[in-house]
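Below: the structure, in structure tokens.
Numbering (this note's numbering), first residue to last: 1 to 94.
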């Protein structure tokens, strides 16, 4: 699989707990190629989410729910169940 992704800051944010923490919106987007069982297909995602940032964004926790698109949803015996799927993400950085 080859994948390229990007995280975009969206305009809404709100300070929480003084200047130490803030809540912000983000959009994570990705595109890639899935290979399997001799087949290849395009995969794209768009996932809006919320990020809890602390200490001038030195620490961040985020979560989101969005959609994925598969140009091919069957690879050999593996069946993804359709071209559009719900996806979820969560993570943290420091």
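Positions of the beta carbon are idealized from the N, C-alpha and C atoms, including for glycine.
Q.
If you measure between the beta carbons of residue 47 and residue 2, is that distance less than 8 Å?
A. The residue labelled residue 47 in the question sits at position 47 within the chain shown. The residue labelled residue 2 in the question sits at position 2 within the chain shown. Against a cut-off of 8 Å, the Cβ pair of residue 2 and residue 47 comes out as no contact.
Q: For residue 80, name the three-state secondary structure that DSSP assigns.
A: Along the chain shown, read from residue 1 onward, the residue named residue 80 stands at position 80. Note: residue 80 maps to coil in three-state DSSP.
Q) Contact check, residue 26 vs residue 49 under 8 Å by CB: the rounded distance? A) The sequence position of residue 26 within the chain shown is 26, counting from 1. The sequence position of residue 49 within the chain shown is 49, counting from 1. Contact flag correct, Cβ pair sits at about 5 Å.
Q. How about residue 28 and residue 60: are their beta carbons less than 8 Å apart?
A. Taking the chain shown and counting its residues from 1, the one referred to as residue 28 is at position 28. Taking the chain shown and counting its residues from 1, the one referred to as residue 60 is at position 60. No, the pair does not count as a contact, with Cβ atoms beyond the cut-off.
Q: Alpha carbon to alpha carbon, how far is residue 66 from residue 22? Give it in angstroms, no decimals.
A: Numbered from its first residue, the chain shown carries residue 22 at position 22. Numbered from its first residue, the chain shown carries residue 66 at position 66. One C-alpha to the other measures close to 22 Å.
Q. Residue 91 and residue 62 look like a contact to me (Cβ under 8 Å); what is the Cβ gap, rounded to whole Å?
A. In the chain shown, residue 91 corresponds to position 91, counting from 1. In the chain shown, residue 62 corresponds to position 62, counting from 1. The pair is a contact, with the Cβ atoms about 6 Å apart (cut-off 8 Å).
Q.
On the criterion of 16 or more Cβ atoms from any shown chain inside 10 Å, does residue 93 qualify as buried, or is it exposed?
A. Mapped onto the chain shown, residue 93 falls at position 93. Exposed, since its Cβ has fewer than 16 Cβ neighbours within 10 Å.
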